[in-house]
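One structure below.
Protein chains: 2
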Amino acid sequence: MTQILHGHILHTPQFGRLEVIPDGYIVLEEGGIAGLYNTLPKKYAAMPLEDYSDCLIMQSFADMHLHAPQYPMLGMGMDLPLLDWLNTYTFCTEARFQDTLYARRVCRQLAEDLISSGTTRVSVFSSRHTDATLILMEELERAGVTGFVGKVNMDRSGGPVQESTDESVSETRRWLENCRFAHVKPILTPRFTPCCTDTLLKELGRLAAEQNLPVQSHLSENTGEIALVKELHPDCHQYWETYHKYGLWKKGTLMAHCVHSGREEQEAMAEYGVTAVHCPASNVNLCSGTAPVRELLNRGVHVALGSDIAGGDLLAMNRVIVMSIRASKIVQIATGAPFLTVPEAYWLGTTAGHQYFGGGAGFQAGCKLHAVVVDDSAMPEPARKLDLTERFERSVYLMDKRHIKAVYSEGRKISLQK
Amino acid sequence: MTQILHGHILHTPQFGRLEVIPDGYIVLEEGGIAGLYNTLPKKYAAMPLEDYSDCLIMQSFADMHLHAPQYPMLGMGMDLPLLDWLNTYTFCTEARFQDTLYARRVCRQLAEDLISSGTTRVSVFSSRHTDATLILMEELERAGVTGFVGKVNMDRSGGPVQESTDESVSETRRWLENCRFAHVKPILTPRFTPCCTDTLLKELGRLAAEQNLPVQSHLSENTGEIALVKELHPDCHQYWETYHKYGLWKKGTLMAHCVHSGREEQEAMAEYGVTAVHCPASNVNLCSGTAPVRELLNRGVHVALGSDIAGGDLLAMNRVIVMSIRASKIVQIATGAPFLTVPEAYWLGTTAGHQYFGGGAGFQAGCKLHAVVVDDSAMPEPARKLDLTERFERSVYLMDKRHIKAVYSEGRKISLQK
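Protein sequence lines correspond, in order, to chains A and B.
Under my numbering, the first residue of the first sequence carries the number 330, and numbering increases by one thereafter.
Under my numbering, the first residue of the second sequence carries the number 330, and numbering increases by one thereafter.
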């Protein structure tokens, strides 16, 4: 089936490069991008057209790190230090995913909130609960969100959500056997080194190799955590090696935070093709620090963005993009490293994540469409006619659900709950 | 007339102290607070009652620094350095206030946006235009927003919005003669030292004394500005002295930013009763730095918060409160100064501003009610029943217009445009 979208097209095919097609056309064949045009080629003249006239057709967002079972505690406990926050809020909240009816309600609300905020690709941590994890995948699939979900593995220091090593491995296998979703796929998810015994990490490394599975975890988020990892793995010179030792550090591995990753760790990310997921709101909320994003990029590390719900309090990825700009300005004030421009930060929150999943450079031909249509007509009346670059920037800063008129995910137009 | 409000009452009578009255009653007499009660006294049993049952009745916000004519450029030009930002965007945008029909539309949209976001008290910079300034006052009054508005004075380095010294003074007098609004009063507003000649500052100081008018301006926002002020006023050891010299540094003076105010400048604020207006979003957006809020407070300076639209991109003051927490966490990471807790930052964004206008300590008896009623039932389903402190914190982080069920300003219930 051929479909045509008409509107102002804005995308970032390369880091920092915003491409604008005013009054343009996107032609889709079976949801895949056949081409972008300034003028509609004659052969498409009779095809069905969605006319978004003066709206902005922008890339949708990719949220590469969030914790679904923490969604119920969004915006709470932020005055607590990391370990108290984990023990007072996080683990107890995650424990509730034992109740599948509750998990279903939370996952449905989260999935709807994601898609209506323009997030169409995600890599999510579930809890340790297999059934709730399958429910999460089902609810994302139903809402039109695509990407990866992981049942969390944690066989030590996990309070009420700890599992035994055997249980962790056998439940992971049971979970994998039951993952049968079209657009939501499994990713192995050891919580982080302090919560996983060596035996568990080893088993997960074996599973990753055996079933060719991707891996996600946390890395170098705060200094206390790094000291603890050093204590637990005296043989490892650096944090990343604790994952590498067990075959979990490889192309396609996602590592959230990397706030305190030094040169060697950054080089190991670039060398192995590990993606750093920058979570600016969370890093500030939990007083972790500000990640050296420009340095990571300069070293050739692939960097994407994450909301890190609920260490982060911002689910809407345009607000996370803005937070990444603010965090980079803080870094600039301190170190002089140039801040992230709007097109650069937008690339991190869109293209970088889409590419992780095999998507293209912006709206690249051959790839399924992931887009949001933004109606900015209710934003403050400007002092003069704005150009599209200005409207793009303003939308990144100001858009919320009310401005999002349509969302396309994996080539499908999604019906939004308003 | 007696009116009664029923709901969960939350307010900050002192810096950092949150007082909670679950299922409480606020009794109003002619819009003034007669008392807060756990149980409704019998004598009020037959009086009209607004039942907000399970909603939160919280203090409304005070935005102590924003630029009305910059509202049209909200969320734009953020990648530019301060001076380019002023010259490319700000001055041209402000120049449009020459057109009173345009000014009317912008002011109406801004006033409605303020009140529906729960901001009931403001101190606003208008442009240099007298007529537009009067329109701004009228539109705030109409929407139910109270506080101060200033016609901006700027007789040098003002590009398209510069005025002559004589014009600046005579137009200020004309403006003052025409200020006849019940809840919106004039405040003298020299833009900042670099934009005002000595003659103008002197005339404004005279006017301030003559008509007993309050003053607002900018102080020590960025290092380039401070160097420029030093150059213009070689006789002044510090920036604040350039205002003091002309009688503009006095009790009731509002100084926005104070990012780089050192010990002596801070002490001069405390000594003279000058209020520092902290604008965390703006300071980061424009790479100015992070204000030493804890230090200012420890030195006895009265500190309130401002959105600083449009250097700031966040009009909703709960989001500015959250940004002040984030900024303080950045400062903590760098210097160890304890970050602002949620009740502390909330006090800055509410009580501190209300007190500036003569309001009380939280919902203090004898003061007119300034409140927002928050319905948090559509926020993510929590993992367990939340206590009111948690719901308060969550509301500060997550609320937006959709959650604001009612707004009271100066004792009056405002009809919100939804």
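We treat Cβ as the ideally placed atom computed from N, Cα and C, and that holds for glycine.
A distance of 8 Å or more separates the beta carbons of B:V474 and B:I516. Residue state for A:S636 is assigned as coil, using DSSP reduced to three classes. The beta carbon of B:T501 sits closer than 7 Å to those of K480, N482, L536, all from its chain and outside the five residues before and after it, given in chain order.
The beta-carbon distance between A:A585 and A:D637, rounded to whole angstroms, is 7 Å. This is short enough to meet the 8 Å contact definition. Annotation for B:Y381: the continuous beta strand (DSSP E) segment containing it runs 378-388. For A:S738, the three-state secondary structure derived from DSSP is strand.
Below the 7 Å Cβ cutoff, chain A contributes A712 as neighbours of B:R425, in chain order.
Around the C-beta of B:K372, fewer than 16 other C-beta atoms lie within 10 Å, and the residue is accordingly described as exposed.
In the same chain as A:D380, and ignoring 5 residues on each side of it, the C-beta atoms closer than 7 Å to its own belong to H335, in chain order. Contact with chain A is found for B:R434, since one of that chain's Cβ atoms lies less than 8 Å from the residue's Cβ.
For the region 648-666 of chain B, residues whose beta-carbon sits nearer than 8 Å to a beta-carbon of chain A comprise V651, I654, R655, K658, I659, Q661, I662, A663. Following the DSSP letters along the chain, one finds A:T664 inside the alpha helix (DSSP H) bounded by residues 646-664. Here DSSP, grouped into helix, strand and coil, assigns A:M708 to coil. For B:R592, the enclosing alpha helix (DSSP H) begins and ends at 592-601.
Counting along the chain, A:E550 sits inside no alpha helix (DSSP H), nor does DSSP assign it H or E at all. Scanning chain B for C-beta atoms nearer than 7 Å to the C-beta of A:T670 yields D408, reported in chain order. Per DSSP, A:S497 has no beta bridge partner at all. Bounds of the beta strand (DSSP E) holding B:G361 are 361-366.
By the C-beta density criterion, B:K580 is exposed, having fewer than 16 other C-beta atoms within 10 angstroms. Contact between A:G576 and A:G534 holds: their C-beta atoms lie close to 3 Å from each other, under 8 Å. In this structure, B:S456 lies away from B:Q545, with their beta-carbon atoms at least 8 Å apart.
Under the three-state reduction of DSSP output, B:H573 falls in the helix class. Taking a Cβ-Cβ threshold of 8 Å, the residues of chain B close to A:Y726 are L403, G404, M405, M407, D642, in chain order. Under the Cβ criterion (8 Å, minimum of three pairs), the region 392-412 of chain A counts as touching the region 709-729 of chain B. A:D527 carries a helical assignment under DSSP once its states are collapsed to helix, strand and coil.
Interface criterion not met: the Cβ of A:C384 is under 8 Å from no Cβ in chain B.
Boundaries cannot be given for B:E492, as no alpha helix (DSSP H) includes it and DSSP labels it neither H nor E. The beta carbon of A:H631 lies closer than 6 Å to those of T604 in the same chain, with the five residues before and after it left out. The Cβ atoms of A:C616 and B:K742 do not sit closer than 8 Å to each other.
Near chain B, meaning a CB-to-CB distance below 9 Å, the residues of the region 601-618 of chain A are A610, V613, N614, L615, C616, S617, G618. Pairing B:V736 with B:S389 gives a Cβ-Cβ distance under 8 Å. Pairing B:T680 with B:A694 gives a Cβ-Cβ distance that is not under 8 Å.
In summary, the residues of the region 684-711 of chain B whose CB is separated from some CB of chain A by less than 8 Å are M708, P709, E710, P711, in the order they occur in the chain. Within chain B, L403, G404, M405 have C-beta atoms less than 8 Å from the C-beta of A:R723, given in sequence order. DSSP, reduced to helix, strand and coil, places A:V451 within a strand of the structure shown.
Here the region 431-442 of chain A lies against the region 699-714 of chain B, with 3 or more beta-carbon pairs under 8 Å apart.
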